[in-house]
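The sequence shown maps to residues 0 to 200 in numbering that gives the first Met the number 0.
The beta-carbon is built from N, C-alpha and C at its ideal position, and this holds for glycine as well.
To start, the structure under review is shown below, and the notes come after it.
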Amino acid sequence: MCDSNSNASISNLDPRLPSPDLYAKLIASTGEDLNRPGLVDTPTRAAKAFGYLTQGYHQTLEEVTNNAVFPTDNPELVLIHNIEFYSLCEHHLLPFYGVAHVGYLPDGKVIGLSKVARIIDMYARRLQIQENLSKQIADAIMEVTNCRGVAVVMDASHMCMMMRGVNKQLSSTRTTAMLGDFKTDIQARNEFLAAVPASKI
């Protein structure tokens, strides 16, 4: 059961959140009774949840990386794999979720490992399509590190395909984004792809 906050005051909500009244109208359109115990606080909770799921709009790359870039003399591949993420499809506002695998070739600088995950979260917590999300993550890591190349692979399950429409519950989607040496050097690209785990989505 979701936690309830019966004392929540709409006037105390973050002004960046959607109005609970919007959720109240949506629920009422089903014919439900908004005054029954299970729904009385749902509009406020839903507004807060949507705010959390889209908080990436209120973050910047500088904030999430927090200057965690460090010198290195190692030019070899850095690969962080199986980074869990979730996002909301911009077409239906339904979730898609999965794992990201990120590799880059340093050019004198590396980024803190946790910052890669934070970059993914910042862009994932926006209304997205997976294809754009992969590219935004790659662009951000390139911008922060000025590395020789960035590669991103994302595997995800999409509720818009699983819960509605074609109803394909076992479907999954893989997207890639390659920048720098990973785009121009097939050997570097193959080294990265060989190290990426097979999809378990």
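With a CB to CB cut of under 6 Å and the five nearest residues on each side skipped, what residues in its chain are close to residue i?
i    : result
A7   : Summary for A7: the model assigns pLDDT 44, below 50, so the residue's position carries little reliability; its value from the coordinates is reported in the next sentence. If we look at A7 and ignore the five residues flanking it on each side, its Cβ neighbours are T43.
M160 : K167, S170
M202 : This structure cannot speak to residue 202, because the chain is shown only from 0 to 200.
Could you please give the first and the last residue of the uninterrupted alpha helix (DSSP H) stretch that includes residue i?
i    : result
A123 : 112-123
S133 : 129-144
T183 : 180-183
P42  : 41-52
M161 : 158-161
Helix or strand or just coil, what does DSSP make of residue i?
i    : result
E62  : helix
P105 : coil
R15  : coil
S5   : Bear in mind that the predicted position of S5 carries a pLDDT of just 42, short of 50, making it too unreliable to give a figure here.
T126 : The displayed chain sequence assigns Leu, not Thr, to residue 126. Of the three classes helix, strand and coil, the one that applies to L126 here is strand, per DSSP.
G55  : helix
A27  : helix
R188 : helix
Figure out for me which residue from the options has the closest Cα to the Cα of residue i.
i    : options                : result
R15  : G30, T41, K47          : K47
D72  : A193, L104, T183       : L104
H91  : L21, G148, G179, L126  : L126
M177 : E130, L33, Y85         : E130
D184 : V165, M162, R163, G148 : G148
Looking at residue j and residue i, is the spacing between their C-beta atoms short of 7 Å?
i    : j    : result
G97  : D154 : yes
M121 : V63  : yes
I119 : I136 : yes
S86  : A123 : yes
T175 : V152 : yes
Considering residue i, what are the terminal residues of the beta strand (DSSP E) in which it resides?
i   : result
N81 : 77-88
P36 : Run containing P36: none; DSSP gives neither H nor E here.
P70 : 68-70
Under 7 Å Cβ to Cβ from residue i, same chain only, skipping five residues before and after it: list those, please.
i    : result
H219 : Summary: the structure shown does not reach residue 219, with the chain confined to residues 0 through 200, and so no result is reported for it.
Among residues of its own chain, excluding the 5 on either side of residue i, which ones have a beta-carbon nearer than 8 Å to its beta-carbon?
i    : result
V115 : I79, I82, V101, I140
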